[in-house]
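J.: My structure is below; once you've seen it, I'll send some questions.
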Amino acid sequence: MEDNEATRRLKTADSRRSSSFASIDDARFIPGTLLAGRYRIVGLLGKGGMGEVYRADDLKLGQPVALKFLPDNLLNDGASLARFHREVRVARQVSHKNVCRVYDIGEVNGHHFLSMEFIKEKNSRRCCGE
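Here you go:
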């Protein structure tokens with residue numbers, strides 16, 4: 206009986222780990238990668254239809270940031286890139302406690318990204334009223 210309980214706990218821990226890091230195998234960048242001579246990747250935060258978001262350290266400003274990369278299928282779409290740049294310009298004008306600050310836009314090897322405020326999970330829950 207004890208063996209079954211231990212096995213169940215290990216399987217549960219493994220499934221939690223794999224669900225949190227399952228997409229790391231498909232990530233563009235591995236932890237430790239230096240981008241644009243400024244951002245050191247810490248890890249992948251999420252991946253979806255609108256791209257990938259990484260936790261990184263901004264070595265120039267000495268603070269943690271989130272880097273959001275456009276998905277590959279939009280890299281050569283001029284209209285999507287124009288919309289991306291327009292959204293960044295608008296987002297930089299917004300200042301509210303429930304909105305992440307957008308810092309900058311950039312490009313690394315043809316991959317367009319924006320750098321924005323990194324909010325720790327416990328703080329994001331507080332901001333969202335959870």
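Take any residue in the sequence shown, note its place counting from 1, add 205, and you have its number in my numbering.
Ideal Cβ positions, reconstructed from N, Cα and C, are used throughout, including at glycine.
#1: Which of the three DSSP states is assigned to ARG245 in this structure?
#2: In the structure shown, what three-state DSSP assignment does SER285 receive?
#3: Touch check for the region 307–318 and the region 274–292: three-plus C-beta pairs under 8 Å?
#4: Round the Cβ separation of GLY248 and ARG260 to the nearest angstrom and send it over; I've been treating them as touching at under 8 Å.
#5: Is it right to say ILE246 is buried, meaning 16 or more other beta carbons lie within 10 angstroms of its own, or is it exposed?
#6: Ignore the nearest five residues each way along the sequence and tell me which others in SER228's own chain have a CB closer than 7 Å to its CB.
#7: Identify, in the order they occur along the chain, each residue of the same chain with its Cβ nearer than 7 Å to the Cβ of VAL307, setting aside the five sequence neighbours on each side.
T.: Short version:
#1: In this structure, ARG245 counts as strand in the three-state DSSP scheme.
#2: helix
#3: Three or more Cβ pairs closer than 8 Å define a contact, and the region 307–318 meets that threshold against the region 274–292.
#4: 5 Å
#5: buried
#6: Low per-residue confidence applies at SER228: pLDDT is 49, beneath 50, and the placement is therefore not dependable, though the value from the model is reported in the following sentence. The residues are LEU249 and LYS252.
#7: VAL293, ALA296, ARG297, LEU319 and MET321
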